[in-house]
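Trainee: Residue numbering for the sequence shown follows the numbering used here, starting at 1 and increasing by one per position.
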Amino acid sequence: MNARLQETQPALSAEQAIGQIAVQLPGSTAIFRRLKLDFCCGGQVSLREAATQKSLDVDAVLAELSQLQRSSSLPGVTSPTELIDHILERYHEVHRVQLPELIRMARRVEAVHRDHPLVPAGLADTLEAMHEELLSHMQKEEVVLFPMLKAGGNPFVGQPIGMMRAEHVDHGASLDKLNALTNDATPPQGACNTWRALYAGIAQLGEDLINHIHLENNVLFPQFEAVATTQGCGTSACSCN
1 MNARLQETQP ALSAEQAIGQ IAVQLPGSTA IFRRLKLDFC CGGQVSLREA ATQKSLDVDA
61 VLAELSQLQR SSSLPGVTSP TELIDHILER YHEVHRVQLP ELIRMARRVE AVHRDHPLVP
121 AGLADTLEAM HEELLSHMQK EEVVLFPMLK AGGNPFVGQP IGMMRAEHVD HGASLDKLNA
181 LTNDATPPQG ACNTWRALYA GIAQLGEDLI NHIHLENNVL FPQFEAVATT QGCGTSACSC
241 N
């Protein structure tokens, strides 16, 4: 699972070209589409000029875009409740927004550039399958595991944690497939802004998912697995297995 971790993102400016923002700020393409701002063919004009042409308040657009700037740094909290709340807000909610927009862009790139030798054929289907897997995984955590952990855990918690760890391995395999399809999220020379924004979004998804899995596997879960093991559950000697 490769990822290019970035602690900071470039400051936003109304004088930046709208196409540059689309590539540098994953998620911005959804905002631009909703506001009918052309970031692909018309991506060379500044955000200010594009907003003015559509009679939009550029400061309001900038404020909405700034909400997409999320830090990749790990939180300084370790208590289970704080960690879970952070995971839900920073990762679960973000994944639910990320993937539908990536799927939409992937389908467009595959259709428009189907004759290009480096077109990522099958990328949209791969993202769609990943979306379904993540939605199912996150629902299990939100409905079953996380409430259990917030309540202090129990001797049997090792079993659902083990299931989540196994699914994390599957998520890692999906990221490896994305990297193979996209040459590690590196767009070809001369790629259009949509193609470049798609790959920037895939790189961000990879970073987010790796940090998400790290927090659960290495910070949250071990706090409960140790208790389950000392109480005799979750080992080969336990009669529960």
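All C-beta atoms in this analysis are idealised placements derived from N, C-alpha and C, irrespective of residue type, glycine included.
According to DSSP, simplified to helix, strand and coil, what is S256?
Mentor: Because residue 256 is not part of the residues shown, which for the chain are 1 to 241, the question remains open.
Trainee: Quick check: the Cα distance between E142 and L209, rounded to an integer number of angstroms?
Mentor: As a working mapping, residue 142 is identified with position 142 in the sequence shown. As a working mapping, residue 209 is identified with position 209 in the sequence shown. Those two C-alpha atoms are separated by around 16 Å.
Trainee: Checking 8 Å against the spacing of the C-beta atoms, do L123 and L181 come in under that value?
Mentor: For the purposes of this step, residue 123 is taken as residue 123 along the sequence shown, with counting starting at 1. For the purposes of this step, residue 181 is taken as residue 181 along the sequence shown, with counting starting at 1. Yes. Within cutoff.
Trainee: What is the DSSP secondary structure of S174, reduced to helix, strand or coil?
Mentor: Stepping through the sequence shown from its first residue, residue 174 is reached at position 174. DSSP places S174 in helix when its eight states are reduced to three.
Trainee: Excluding the five sequence neighbours on either side, which residues of its own chain have a C-beta within less than 7 Å of the C-beta of N183, listed in chain order?
Mentor: The count along the sequence shown starts at 1 and reaches residue 183 at position 183. Within the same chain, N183 has no close Cβ partners at all.
Trainee: Mark P187 as exposed unless 16 or more other C-beta atoms lie within 10 angstroms of its C-beta, in which case mark it buried.
Mentor: Position 187 of the sequence shown holds residue 187. Buried, because 16 or more other Cβ atoms sit within 10 Å of the Cβ of P187.
Trainee: Hey, quick one: how far does the alpha helix (DSSP H) through K54 stretch, first residue to last?
Mentor: As a working note, residue 54 is residue 54 in the sequence shown. Per DSSP, K54 belongs to no alpha helix (DSSP H) and is neither H nor E.
Trainee: Is it true that the CB of F224 sits closer than 8 Å to the CB of L118?
Mentor: Position 118 of the sequence shown, counted from the first residue, corresponds to residue 118. Position 224 of the sequence shown, counted from the first residue, corresponds to residue 224. Going by C-beta atoms, L118 is not nearer than 8 Å to F224.
Trainee: If we call anything under 8 Å between Cβ atoms a contact, is K54 one with L68?
Mentor: By 1-based counting over the sequence shown, the position of residue 54 is 54. By 1-based counting over the sequence shown, the position of residue 68 is 68. No, the pair does not count as a contact, with Cβ atoms beyond the cut-off.
Trainee: Taking only the alpha-carbon atoms, compute the straight-line gap between N193 and R96 and give it to the nearest angstrom.
Mentor: Taking the sequence shown and counting its residues from 1, the one referred to as residue 193 is at position 193. Taking the sequence shown and counting its residues from 1, the one referred to as residue 96 is at position 96. Going by the C-alpha atoms only, they are around 23 Å apart.
Trainee: Where does A17 sit, in a helix, a strand or coil, going by DSSP?
Mentor: Residue mapping note: residue 17 aligns to position 17 of the sequence shown, counting from 1. In this structure, A17 counts as strand in the three-state DSSP scheme.
Trainee: Give the DSSP-derived three-state secondary structure of S66 in the structure shown.
Mentor: Within the sequence shown, residue 66 is the residue found at index 66, counting from 1. Helix at S66.
Trainee: Excluding sequence positions up to five away, which residues of its chain have a Cβ less than 7 Å from the Cβ of L127?
Mentor: Position 127 of the sequence shown, counted from the first residue, corresponds to residue 127. So the list reads L99, L102, I103 and A106, once near-sequence residues are dropped.
Trainee: DSSP on S46, reduced to helix/strand/coil?
Mentor: Here residue 46 corresponds to residue number 46 of the sequence shown, with the count starting at 1. Reduced to three states, the DSSP call for S46 is strand.
Trainee: Please list the terminal residues of the continuous alpha helix (DSSP H) segment that includes N211.
Mentor: Position 211 of the sequence shown, counted from the start, is the residue given in the question as residue 211. First-last of the alpha helix (DSSP H) with N211: N193 to H214.
Trainee: Helix or strand or just coil, what does DSSP make of G190?
Mentor: To locate residue 190, count along the sequence shown from 1; it is residue 190. Coil at G190, not helix or strand.
Trainee: Output needed for P120: all residues of its chain with C-beta closer than 6 Å, excluding positions within five of it in sequence on either side, in chain order.
Mentor: Numbered from its first residue, the sequence shown carries residue 120 at position 120. Here the set comprises L181 and T182.
Trainee: Suppose you measure from the CA of A185 to the CA of A151; what does that come to, to the nearest Å?
Mentor: Counting from 1 along the sequence shown, the entry for residue 185 is found at position 185. Counting from 1 along the sequence shown, the entry for residue 151 is found at position 151. For A185 and A151, the distance between alpha carbons rounds to 40 Å.
Trainee: Hey, how far is the Cα of V112 from the Cα of A197?
Mentor: For the purposes of this step, residue 112 is taken as residue 112 along the sequence shown, with counting starting at 1. For the purposes of this step, residue 197 is taken as residue 197 along the sequence shown, with counting starting at 1. Roughly 15 Å between the two C-alpha positions.
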